[in-house]
Every structure is written in structure tokens, then in C-alpha cells.
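Written out below as C-alpha cells is the structure these notes cover.
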Amino acid sequence: MKLSKRAENMPESPIRKLAEYGIKAQKKGIKIYHLNIGQPDLGPPPIVYDYLNKYDDKCIAYSHSKGEQEYLDALVKYYHDLGHTDLSSNNFIATLGGSEAILWSIMTVADPGDEILTFEPFYTNYHSYCTMADIKLVPIETKIETGFHLPSKEEIIKKISNKTKAILICNPNNPTGTIYNHKELTMVYDICKENNILLLSDEVYREFSYDGHEVISALTIEKELEPNTDDSRVIILDSFSKRFSLCGARIGFACSRNQKIMDVMLRYGQSRLAASSIIQQMTTEAINKNIDYIKKVVDKFSEQRQALINGLKKIDGVIFQEPEGAFYIIAKLPVDDAEKFSKWLLTDYNDKNETIMLAPANGFYLTEGLGKDEVRIAYVLKKDDLVRAMEILNLAISKWKTINH
Numbered sequence: 058m059k060l061s062k063r064a065e066n067m068p069e070s071p072i073r074k075l076a077e078y079g080i081k082a083q084k085k086g087i088k089i090y091h092l093n094i095g096q097p098d099l100g101p102p103p104i105v106y107d108y109l110n111k112y113d114d115k116c117i118a119y120s121h122s123k124g125e126q127e128y129l130d131a132l133v134k135y136y137h138d139l140g141h142t143d144l145s146s147n148n149f150i151a152t153l154g155g156s157e158a159i160l161w162s163i164m165t166v167a168d169p170g171d172e173i174l175t176f177e178p179f180y181t182n183y184h185s186y187c188t189m190a191d192i193k194l195v196p197i198e199t200k201i202e203t204g205f206h207l208p209s210k211e212e213i214i215k216k217i218s219n220k221t222k223a224i225l226i227c228n229p230n231n232p233t234g235t236i237y238n239h240k241e242l243t244m245v246y247d248i249c250k251e252n253n254i255l256l257l258s259d260e261v262y263r264e265f266s267y268d269g270h271e272v273i274s275a276l277t278i279e280k281e282l283e284p285n286t287d288d289s290r291v292i293i294l295d296s297f298s299k300r301f302s303l304c305g306a307r308i309g310f311a312c313s314r315n316q317k318i319m320d321v322m323l324r325y326g327q328s329r330l331a332a333s334s335i336i337q338q339m340t341t342e343a344i345n346k347n348i349d350y351i352k353k354v355v356d357k358f359s360e361q362r363q364a365l366i367n368g369l370k371k372i373d374g375v376i377f378q379e380p381e382g383a384f385y386i387i388a389k390l391p392v393d394d395a396e397k398f399s400k401w402l403l404t405d406y407n408d409k410n411e412t413i414m415l416a417p418a419n420g421f422y423l424t425e426g427l428g429k430d431e432v433r434i435a436y437v438l439k440k441d442d443l444v445r446a447m448e449i450l451n452l453a454i455s456k457w458k459t460i461n462h
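Throughout the sequence shown, residue numbering follows our numbering, covering 58 to 462 in sequence.
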């Protein structure tokens, strides 16, 4: 039976592609420290479970396709507290995680055969969603030597064609941990304005910043550069998966000052009926009552980040830049093929019956050959586990060099 070209072209996730080897290792009794996926190991705010335990509605009804009004109102308050006081509930729509917001946004701005620019390495599912929509994702290289900050305006403009419809950024960045500064964001916005294209800004990791680095929203840049426009070119893609450790709840939203964009997204929302009413109500409680929780979480990740940095510095030949935000780092390892090394960690290596799972970074690039000796590490485990994981990585690299000399 022949399947569609779309199905055949769907890329495999580099984050999850080694999962089957991990399962086999666990069946052998080997403990795995999962550094491959951004799943925080701490629980959500207690009020989440309090709400679910007390839930007693007689009927679990469909929600509105746009979202529960209480949830939308909570989003408005959240954004007003961030300084975006011009926004109303008309500027938001509930989505099934940030993933649905990404898919809807690219389908809103681009037709099959059109192009969207992004900076590589990038969140791998950007490629997946563009493939699903038959849109070409065009990569612009950033380099580990410069902390994966953006290239010059001239380098970016070279990639623009008459098929380019948008630039997609992630700030703070997954997988690099880079936070784009005001100058970089202004440059990107100016490019979008000059070429009449849109700016899609994935801001899922907004609160996760370290060492005094400021996270600036694309909404702020838009307000500074085009304060009176009714034809907004910015779409914000966001989620509570990381902010409240609700990865499995699949709750997020899209936001834009452009009402035409929001009207189109509502039609996408109607096609899938609605996001979960219970999850929206639960998340509303978390938004309204758990700002202190976010600070505690960021403080915890700051400690874990430092533990990872300290561990990597002890390993000869590892090259990395200290991440400014999110909870990921791209590290260049002293190996020829990081994917083979990552697989070997699960199939043929353990230290005291323990090993680690990494995400090979080649899957976060589209340009052939880039990222072959790099991995993405998520510092989502508790501090002691990260210390042990870095010890295992150090020992494993030494062993790998010996057997591949």
C-alpha cells in the first residue's frame, strides 16, 4: 500500500529517536538519566491537583473553540502584568499546547510551496509542522562560537525570496539557550517590515533567564517600531508546559494584535472543536494564583544550569557556551558522530549499571553536516542527578576514545 509523500517525508524526532534503545536498556535493569527531553522532574503547582480533586461538574462539555472565557481573561491579566496593556481576550486563542499554535501560525501565513525562515539549530518540530503543511523551512546558520546569536542583517536577507512569508524565532531559544537582545530583535523586525513578511515568535521559555539576561517579547518590539498599526505582523506562540510543568496537559495559546489573523485561527480551532475545558479551567487557577511558583522553578533551574556547566567544564574537548535562558544547552563533543555515540551509550555502555540519554543535535539542523558532533542536553533533572550524569558522560567519552582510537 502506497502512503502519501507527506507521510514519507515526515522527519523523525531527534529528541525521541533513541527511545527504543532506552527501553531495551531499562529492561536490562540499567538506570537512565534522561537529558534528551525538556520534561521537568518537578511537579506542577499544588493548586493543579487541588482543582482536579475538587472537580465535580456533572457534564464534561465542549469548550468554546476560542477557549474558555476565564482562561482567556487569565491570559489577558498575565500579559497586562508583562506590560502589554493594550491586549484583550480578542487577541488570544486557546491551543493544544504550543505545538498547535505553531502549526496554525505557519498555516495562517504561508501556502503550500511557500517558505518560512528560521535560525538553526532550531526546535525540531518546526521542520515537522512545515512538512505537514507542505511549506519549506529555510535555515539560517548560527554558530556555537558566537553563542548562537544571530548573524548579520545581510546574511539573513540573502535567504529571503519571493516565496518567503515569515521569520520564525524562539526566544529564549530551544535548543541553544540563547536569549536574543534588543538589537537582534529590532533587526529581525525591521527585516520583516521591509520585506512585508510576518514574525512568528515562540516565547514558551519567557521566564527562564539567568545571569541578568533580559527576555524581550516581539510584542514589545512591535509596539516600539509600529505603535499605531492595525495590520500587526507578530504572532506569539506560547504554552504552559514548561512554566507550570504541565507538559502532558497540552495547553497553550496563540496571540496577535492582528484581528484578521485571530479570526483565521478561530476557524482552525473550530475544525478541531475545542481545547480541553477541564485543562483550561485548571490552568486558569495556576495562572491566577501561582506567580511565586514560577520564581521558585526558575531558581531551581538556575542551580541545575550551574551544575551542568560545572560538569561540562571538567570534560576535556567539550565546547559549549553558557546558556542564557530556557533549560537546554548545545555542546560539541570530542566524537566524530554524536548520534552513534548517543546510541552506544544506551546499547553498549554503562557505569555501575547507569547511563545517560542525549539528543543528537544533527536533527536540530537542516544544513547537511552541521551538528554531527553536537548534542542537546536538557538540564531538567535535579542537581545531584545532573552531577552524576556529567560524571557518566566524562567516563563514557574517555571509553569511546579508547575503543575508537
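Positions of the beta carbon are idealized from the N, C-alpha and C atoms, including for glycine.
Report buried or exposed for residue 63, applying the criterion of at least 16 other Cβ atoms within 10 angstroms of its Cβ.
The residue is exposed, with fewer than 16 neighbouring Cβ atoms inside 10 Å.
So what's residue 412 in DSSP terms, helix, strand or just coil?
Residue state, collapsed to three classes: strand.
On the premise that residue 298 lies in contact with residue 154, defined as a C-beta separation below 8 Å, what is that separation, rounded to the nearest angstrom?
Right, their Cβ atoms sit about 6 Å apart.
For residue 310, list the residues DSSP reports as bridge partners.
Partner(s): 151 and 295.
How would you write the range of the alpha helix (DSSP H) that residue 127 sits in, first residue to last?
Where residue 127 is concerned, the enclosing alpha helix (DSSP H) stretches over 126-138.
With a 10 Å radius around its C-beta and 16 neighbouring C-beta atoms as the bar for buried, classify residue 288 as buried or exposed.
By the neighbour-count rule (16 or more Cβ atoms within 10 Å), residue 288 is not buried but exposed.
Quick check for students: name the residue ranges of the beta strand (DSSP E) that lie wholly in the region 180-211, counting only runs of 3 or more.
The qualifying runs are 193-198.
If we ignore side chains and look at the alpha-carbon of each, how far apart do residue 396 and residue 430 end up?
The straight-line gap from Cα to Cα measures roughly 8 Å.
Measure the alpha-carbon distance for residue 188 versus residue 374 and round it to whole angstroms.
Approximately 36 Å, taken between the alpha carbons.
Can the beta-carbon of residue 422 be found closer than 8 Å to that of residue 196?
Yes, these two residues count as a Cβ contact at 8 Å.
Could you spell out where the alpha helix (DSSP H) holding residue 249 opens and where it closes?
Residue 249 -> alpha helix (DSSP H) spans 239-251.
In the DSSP assignment, what residue or residues form a beta bridge with residue 173?
According to DSSP, which records beta bridges pairwise, residue 173 is partnered with 194 and 223.
By DSSP, does residue 445 sit in helix, in strand, or in coil?
Note: residue 445 maps to helix in three-state DSSP.
In or out: residue 116 buried (at least 16 other Cβ within 10 Å) or exposed?
By the neighbour-count rule (16 or more Cβ atoms within 10 Å), residue 116 is not buried but exposed.
Given a cut-off of 8 Å on the beta-carbon distance, is the pair residue 166 and residue 255 in contact?
Yes, the pair counts as a contact, with Cβ atoms nearer than the cut-off.
Can you give me the Cβ contacts of residue 464 inside the same chain, cut-off strictly under 8 Å, excluding the 5 residues immediately before and after it?
With the chain represented from 58 up to 462, any question about residue 464 goes unanswered, as that position is not in the structure.
Between which two residues does the alpha helix (DSSP H) containing residue 334 stretch?
Looking at the DSSP string, the run of the alpha helix (DSSP H) that includes residue 334 is 334-346.
By a C-beta neighbour count over all protein chains shown, 10 Å radius and 16 as the cutoff for buried, is residue 344 buried or exposed?
With 16 or more Cβ atoms within 10 Å of its Cβ, residue 344 is classed as buried.
So the alpha helix (DSSP H) residue 65 belongs to, where does it begin and stop?
Where residue 65 is concerned, the enclosing alpha helix (DSSP H) stretches over 62-66.
Output needed for residue 82: all residues of its chain with C-beta closer than 8 Å, excluding positions within five of it in sequence on either side, in chain order.
Only 89, 403, 404, 407 and 412 meet the Cβ criterion.
Does the distance from the CB of residue 223 to the CB of residue 194 come in under 8 Å?
For residue 223 and residue 194, no; Cβs fall outside 8 Å.
Taking only runs of the beta strand (DSSP E) that begin and end inside the region 68-129, which ones reach a length of at least 3 residues, in chain order?
With a minimum length of 3 residues, the continuous beta strand (DSSP E) runs that stay inside the region 68-129 are 88-91.
Rounded to whole angstroms, what's the CA-CA distance from residue 365 to residue 259? Just pull it up for me.
For residue 365 and residue 259, the distance between alpha carbons rounds to 25 Å.
Determine, using beta-carbon pairs with one atom in the region 351-371 and one in the region 446-462, whether at least three such pairs fall under 8 Å.
Contact between the region 351-371 and the region 446-462 is present, because at least three Cβ pairs lie under 8 Å.
Kindly indicate the opening and closing residues of the alpha helix (DSSP H) around residue 402.
Unbroken alpha helix (DSSP H) run through residue 402: 395-404.
Taking the C-alpha atoms as reference points, what is the distance between residue 399 and residue 306?
Spanning the two alpha carbons is a distance of roughly 29 Å.
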